[in-house]
Amino acid sequence: MQKVTREMLIEKASALLAEGKVDRVLGWKNGEFSYDVTPFVFTDVESMKKDFVFGDFAFANFSKYLIKETKKSENKVLVFLKPCDTYSFNQLLTEHRFNREKVYAVGIPCDGMVDVSKIKEIVGDGIISVESGDLIKVETLYDGVKEIAKKDVLAERCVNCKSKKHVAYDELMGEEGEILDSNRFDEVAKLEAMTADERYAFWQNELSRCIRCNACRDVCPACTCEKCVFGNPNSGVENKAASNSFEEKMFHIIRAFHVAGRCTDCGECSRVCPQNIPLHLLNRKFIKDINAFYGDYQAGEEVGSRAPLTNYTKEDLEPSEAVNKEEN
Amino acid sequence: MQVNEYKPKIVAFCCNWCSYAGADLAGSNRLAYPAEVKVIRVPCSCRVNPMFILRAFQRGADGVIICGCHPGDCHYTSGNYYTRRRMALLFSMLDYLGIEKERTRVEWVSAAEGAKFAATMNDFVQTVTALGENKRLEDLRCKK
Amino acid sequence: MTNETLIPKLGVITDIRIDTPDIKTFRVVSPEGKKLFDHRPGQCAMVSIPGVGEAMFSITSSPTNTEYMEFSIKKCGCLTTWLHQAEVGQNVTVRGPYGNPFPVDDVFAGKDLLFVAGGVGLAPLRSVINYCRHYRDRYGKIDIVYGSRSKDDLLDYQEIINEWSTDSGVNVHLTIDREQEGWDGHVGFVPTYVKELGFEPNKTAVLCGPPIMIKFTLQGLSELGFNREQVYTTLELRMKCGVGKCGRCNVGNKYVCKDGPVFRMDQLDELPDEY
Amino acid sequence: MRKISLSNLDKLFALISEKAKLYLPVDGKNGIASFKLWEEGVQMSQALNTTRSAKDFFFPQTENLMEFKTEGKNIEIIDTRTEKEDFVIFGVRACDVKSFEILDRVFLSEPVDSYYASRREKGVIISLACGRPAETCFCKTFGIDPASPEGDITAWKTATDLYLKANTEKGEKLLASLDGITEACGEEAVEEQKKEISAIMDKLPLKDLTTDKFGVGKTKEYFNSPAWDELSSHCLGCGTCTFVCPTCQCYDVKDFNTGNGVKRFRCWDSCMYSDFTLMAHGNSRLSQKERFRQRFMHKLVYYPDNNNGMFSCVGCGRCLAKCPISMNIVKVMKTLGGKEND
C-alpha cells in the first residue's frame, strides 16, 4: 500500500487552500514529545510546514470537532479522516450534527496508531524520540535506542481494526482498504464466558478506578448532547465525583446505553481514559448484542441508516431471551 | 428469638393502559400479590428509562419489573416494541457486569389479565427472595 | 474537635415579609430566639435547606439590630424558589458571616454618602443604610437613589417611606422604569436619574444593582466629577465554601467571598474583566 | 542516616504497619500504579509515580462533611467528623511532597479546614528520591530537587539498599522506632545517587523551562493575551488535568438525599467544567477559553500573587501524560512566555 506522508498531506492542504476550496485545515499539531499530538486548526501553509504532523500518534478523531468548526465560518474546512474516523463522520451526519456542505473531507489510509503506554511498558520512562516505521526506533534517556516491531505496540483499537475502508470522503488519498474481519469481540466473548461472579469482580475492579473526569464522554463522537444528563443539576444524577461504586457503574452503564447503536467503536474512550479502564468493552458488548439480536449493524457505515434502538420488528426477541441466550 | 423474614423490595413499572389496569383487576378480583411490590404507573412501558431502573436499585430495590401491553397492543402503537429492544440490551449489559439477571424482568400484562399480574408478581417476588438482598447495585449511602 | 467553618448553625424563620411579587424578606434567629452571629454591614451568610441547596445571601438587617437577622431573597433559582414556598417556623442552616464589610467606620466616617441601588440590589445596601442611620451623627448628608421596574417591585417600600424618608439629613429619591397608575414620583432609569439629580462629587458613593445599571451609573457619576476611588460596589459570583478555598468565585487573584464582596471601583479596575 | 537492605523491605513495611496504616504505590492492571494499603505480600511498584496524585490522602475525591435529618419544618445537623487514625505514606515523590505545601496554604490558612487538617496531622510522609525521572518531568522548573525530596522522612533507593533520613520530629520518631532493623550509615551512597540524578536532570527535554515570565503581578499581561484562543480551542472541557493534578484543590459541596436523610459531601470539582461557575442567574465563565484560562492563570499568576510568588504547579508531568488532546501547562507556558521559553 502506498504510504501517505506528512508532506503529501501538506501539499494537498496547500493546493486546496490556494484554490480557495477551504480556508481552514483541521489537522494534527506536534507537541513537546513525539507522541503528544494535539488537534489544531491551521489556516496557512507556513504554520503547517512548521507544526503539522501525521504519523503513529495522529489518534484524534476529528469528526466531533466538525460540529464546532463548521459553525465558525461560511467557508469549508478541510479535514483528514482515517478510515475509522469516517464512521463517526457519517454517524454525526445521520444525526444532523453538522453541515456536510461546509466540510471538505479527505480520506487518508491508516496502518494503525501506536499506543505510547505499550512502548513505555517495553522501554520504561524517559522517551526522547520515537521514529516511525514497521520497526519503531525509540530513544530513551536510560537505554539508548531500541527497535520495537510496530505490531507489538499498536493501540488496542488498531489491533482489532474493523475497517480500512473509508465510508465517507470528498477525495481519497492513497488506496482504498477493505472492511476487515476483526477479532474485536473476542474480549467480550471471553468475559461472557465467565461466571457472573467473575464478571462482577472484573468490572468492580476496572470501574473502581474511575475518577469521573468525563474525558470518555467529552471525547466521544457519539456524545454530542448540548447538555449531558450527568451535567444537568436538575437531573438528580449530576455528580462530579465518583462517590461510590454505584455511581461509577451507573455512569458507565448509562453512558454506554446512550451511545448504543450509535457508537462506531472508534476507541477514543479507552484511549483517553487516564485510568486505562477498557471502556470499549462496554460499547462492544452492545454492538455484539445488537448484531446478535437484530442482525449485523455498523453505526456510521451508511448515512441515514436507522439505528437499532430507534427501530423494531414484531419478531424481536424478548428481554428474558436476551439474558438467557446461552442456556437456550 | 424470632428471625425477621427477609422481604425484598420490588418496584413494578406498569403502563397506564394495560398493566396498571391489570393490577387494578387483580385487586378488584381479590387476587393476592405481595405488598412488597410497589407499583409505579407510567404512561407507557417505553417511558421507563434505564436510569429509572438503576435508580430504583440505588434507592434500595431488590428487583425491578416492567409491565406493558402485549406486543402489538400498545396504546401508542409501538412503544412496547422499543421497550423490548431497550430492555433486552440493558438486561444483557447488567448480566455482563455480573449483576444477577433474575433481578430484572419484563412482562406483558393486558388489562384483562388480573390473574397473570398477580401470578407474575408472586413469581417475581419469590425469585428475588431466593436471591436475597441486592448487593451488586446498591448504594451504601442509602442504607438505613 | 476544632470548629469547622463548613458546618452551619441552625436557624429558624420567624417572619416572612412579602416585599415584591418575587422578593421576600426572611427573619432568622437561633432556635433559642437569639441572633445567630454578629456581622458587619455588607457581609453575607450561606443559607441552606439541606437537600435543596446552599447559597450566599447578603444580610440585609443592620448590625445594630441585635435580635435577629434578615435576608431579602429574590426568587430565581432552586433554593430561592424553595424558600419562597416556606412558612414561618421553617428551619434553615446558616453559616457566616463571610466577606469584607463596607468601610463604614473609617472611610465612610464624616463623609456625605450616596447610595444607588436598583431592584434587589437594595438588599446588600440596606444593612449599610440602616447602620449609618443608626449612627447618624458620624456621617454627613445621606442620599439614597433607588429604582425598580415598578412601584410593586420596590424593596422595603414601607421602611423607605416611613423611616428613611422621615429622617433628617436623609434624602430618598425613588424612581420606577415606566409610568404607573398611583405613582406620582419620578419615572426613568436609575443612571439617568442620578445624573439629573446632579450630586456634588464630594460624596462617597455605593452602588448595587444589575451590571448594566452599575455600568451607566458609573459613567454618570464620572461625568458629575466622581473619582473611581469614591465609588464602592458589591459583587456576587457562584460560591460554595465562603472561605476562599473552593476556588470558583475568584476574579483574578481575589476571591469574592473572602476578599470581597465589597470592592472599590479602582480596585476592580485592577482585576480582569470576568464578573 | 539509616539504611536497610532491599531484601528486608518487607520487614520494614511490616514493622511500620504494626504502628500505623501504611500506604505505598502498587502496580495495578493496565500499567496504573496507585497507593494501596500494605499487607503481607504486597509489592511496591517500580513505576516512577502513581497515576493519581497523593493528594487523595488529605483531600479525598469525595468525603462526607455532615449529615442532616429533616422532618417537617425541622432540621437536625449532625457532625459526622471522627477522630482520624495515624497513617504513613511511603514512596511519595518530590513533586507530590511539594504539592502538600501548596495545598496547605489553601486549606490550613484561616479559617482552617478541619477535615484536611485532621488528616494532615495524622499522616507521616516518607518521600522517595527519583532515580529515573521521565521525559515529562519538569519539577526543577519549580525549584524542586527530585534527588532530595522533602517530607517527614526522605528515602533513597539504590541497587542494594534503602537509605532513610528524618527531616521532622514526626519523622525522627518513626525512624527511631525502626532502629531494630535499620543500621546507621554514611551518606556516600546517597551523595552518589544525588549526583547521578542531577546529571539526568540536565538531560531532560523540559530542563530549560522557566517560570521567569510568570508569577506575581502578571494578571494584566496575560489575561487578555490572544494566545488563549488558540491554546484552548480544542480543549474538551473534561476534568482529567484537574483530577490527576496534585495541586488542584477546587471542590464542590453537594447534598445527597439518601431517602432517610441528607448527606452533605464535598467532592473534587474542576474549573474546566461548564457548570463550575454556573449560578441561578448566569455564568461568569461562559466559554471554554475562559475556563481554560482560569486554570492556568490560577497556577501561574493568581496563586503566586496570593502566596509570595509560589507557583501552584510542581512539574509532576501528569497532565502532560494524561490530557486527551495533549494540551498542558508546558505548552501554555511556552506559548505565553514567548520565544525565550521555547
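Taken in sequence, the protein lines are chains A, B, C and D. Residue numbering for the first sequence follows our numbering, starting at 702 and increasing by one per position. Residue numbering for the second sequence follows our numbering, starting at 5 and increasing by one per position. Residue numbering for the third sequence follows our numbering, starting at 4 and increasing by one per position. Residue numbering for the fourth sequence follows our numbering, starting at 1079 and increasing by one per position. Cβ atoms here follow ideal geometry from the backbone N, Cα and C, with glycine treated the same way. Please read all numbers here as calculations on a predicted model, not as lab measurements.
Keeping to the same chain, check which residues put their C-beta closer than 6 Å to that of residue i; ignore five residues upstream and five downstream.
i: D:D1420; result: Confidence at D:D1420 is low in this model, with a pLDDT of 47, below 50, so the placement of that residue should be treated as unreliable; the coordinate-derived value is given next. The answer, listed in chain order, is K1412.
i: A:G813; result: L855 and C859
i: D:Q1366; result: S1310, C1313 and G1315
i: A:N1029; result: The pLDDT assigned to A:N1029 is 39, lower than 50, so where the model puts this residue is not dependable; a value taken from the coordinates is nonetheless given after this. There are no such residues.
i: C:R30; result: T17, D18, Y71 and E73
i: C:G255; result: L274 and P275
i: A:A916; result: V973
i: D:G1249; result: D1230 and I1231
i: D:E1418; result: The predicted model places D:E1418 with a pLDDT of 47, which falls under 50 and marks its position as unreliable; any figure quoted below should be read in that light. Nothing meets the Cβ criterion.
i: A:G808; result: L782, H867, Y870 and L873
i: B:C50; result: G83, Y86 and T87
i: C:E57; result: M49 and S51
Chain D partners of residue i, CB-CB under 8 Å?
i: C:Q270; result: Those do not exist, as C:Q270 stays about 13 Å from chain D at its closest Cβ, beyond 8 Å.
i: B:R63; result: G1337
Would you kindly work out how many angstroms separate the C-alpha atoms of residue i and residue j, rounded to a whole number?
i: A:E1019; j: A:N984; result: 21 Å
i: B:V46; j: B:M55; result: 14 Å
i: D:E1163; j: D:Q1121; result: 23 Å
i: A:S830; j: A:K986; result: 37 Å
i: C:L116; j: C:G45; result: 15 Å
i: A:Y805; j: A:L793; result: 15 Å
i: C:M4; j: A:K765; result: For C:M4, the predicted model reports a pLDDT of 49, less than 50, meaning its position is unreliable and no value from the coordinates is stated.
i: C:S61; j: C:A48; result: 6 Å
i: D:D1223; j: D:A1212; result: 14 Å
i: D:T1219; j: A:A716; result: 43 Å
i: D:L1058; j: D:L1090; result: Chain D is shown only over 1079 to 1420; residue 1058 of chain D falls outside these bounds and no answer can be derived.
i: C:K114; j: C:D140; result: 11 Å
i: C:E232; j: C:I217; result: 15 Å
i: A:E733; j: D:R1396; result: 14 Å
i: C:W85; j: C:K78; result: 9 Å
Cutting at 8 Å between CB atoms, please list the residues of its own chain near residue i, excluding the five before and the five after it.
i: C:G247; result: Y258, C260, K261 and D262
i: D:C1328; result: T1320, W1346, D1347, S1348, C1349 and F1354
i: A:E879; result: S864, K865 and K866
Starting from the beta carbon of residue i, find every residue of chain A whose beta carbon is closer than 9 Å, and list them in chain order.
i: D:A1212; result: K821, G825, D826, G827, I828 and L842
i: B:G76; result: K1015
Can we count residue i as close to the ligand FAD, meaning its CB is less than 7 Å from some heavy atom?
i: C:C252; result: Within the structure as shown, the ligand FAD is missing, as the structure has no ligands at all.
With DSSP as the reference, identify every bridge partner of residue i, one or two as the case may be.
i: D:E1261; result: D:K1081
i: B:V43; result: B:A16
i: A:L779; result: A:V726 and A:Y805
i: A:D844; result: DSSP lists no partner for A:D844.
Chain D partners of residue i, CB-CB under 9 Å?
i: A:V839; result: Chain D residues near A:V839: none, gap ~11 Å exceeds 9 Å.
Mind pulling the chain A residues with CB within less than 8 Å of residue i?
i: D:F1301; result: Those do not exist, as D:F1301 stays about 23 Å from chain A at its closest Cβ, beyond 8 Å.
i: D:M1405; result: T739
i: B:P54; result: I954, I955 and F958
What in chain C is Cβ-close to residue i, meaning under 8 Å?
i: D:N1335; result: G54
Note down, in chain order, every chain A residue with its Cβ under 7 Å from the Cβ of residue i.
i: D:F1321; result: I912 and C914
i: D:V1408; result: E733
i: B:E117; result: Here the premise fails: no neighbours, minimum Cβ distance about 16 Å.
Who are the neighbours of residue i on chain D, taking C-beta pairs under 7 Å?
i: A:F755; result: Under the 7 Å cutoff, chain D gives no residues; its nearest Cβ is about 15 Å from A:F755.
Note down, in chain order, each residue of its chain lying with its Cβ closer than 7 Å to the Cβ of residue i, except the 5 sequence neighbours on either side.
i: C:V95; result: G14, I16, V31, V50, S51 and I52
i: D:F1165; result: A1098, K1099, Y1101, K1200 and G1201
i: D:R1130; result: S1112 and V1322
Output, in chain order, the set of chain B residues within a Cβ distance shorter than 8 Å of residue i.
i: D:K1341; result: R145
i: A:K986; result: S96, M97 and Y100
Take every Cβ of the region 1142 to 1156 of chain D, pair it with every Cβ of the region 50 to 59 of chain C, and state whether three or more of those distances are shorter than 8 Å.
Taking a cut-off of 8 Å for Cβ pairs, the region 1142 to 1156 of chain D and the region 50 to 59 of chain C touch, as three or more such pairs fall below it.
Inter-stretch contact at 8 Å, needing at least 3 Cβ pairs: the region 785 to 795 of chain A / the region 1000 to 1013 of chain A
Here the region 785 to 795 of chain A lies against the region 1000 to 1013 of chain A, with 3 or more beta-carbon pairs under 8 Å apart.
Could you check whether the region 76 to 87 of chain B touches the region 941 to 958 of chain A, counting it as contact only if at least three pairs of C-beta atoms, one from each stretch, sit closer than 8 Å?
In short, these stretches do not touch, since the Cβ pair count stays below three.
Specify whether the region 1230 to 1244 of chain D and the region 1253 to 1272 of chain D touch according to this definition: at least 3 beta carbon pairs, one from each stretch, less than 8 Å apart.
Note that the region 1230 to 1244 of chain D touches the region 1253 to 1272 of chain D; at least 3 beta-carbon pairs, one per stretch, sit closer than 8 Å.
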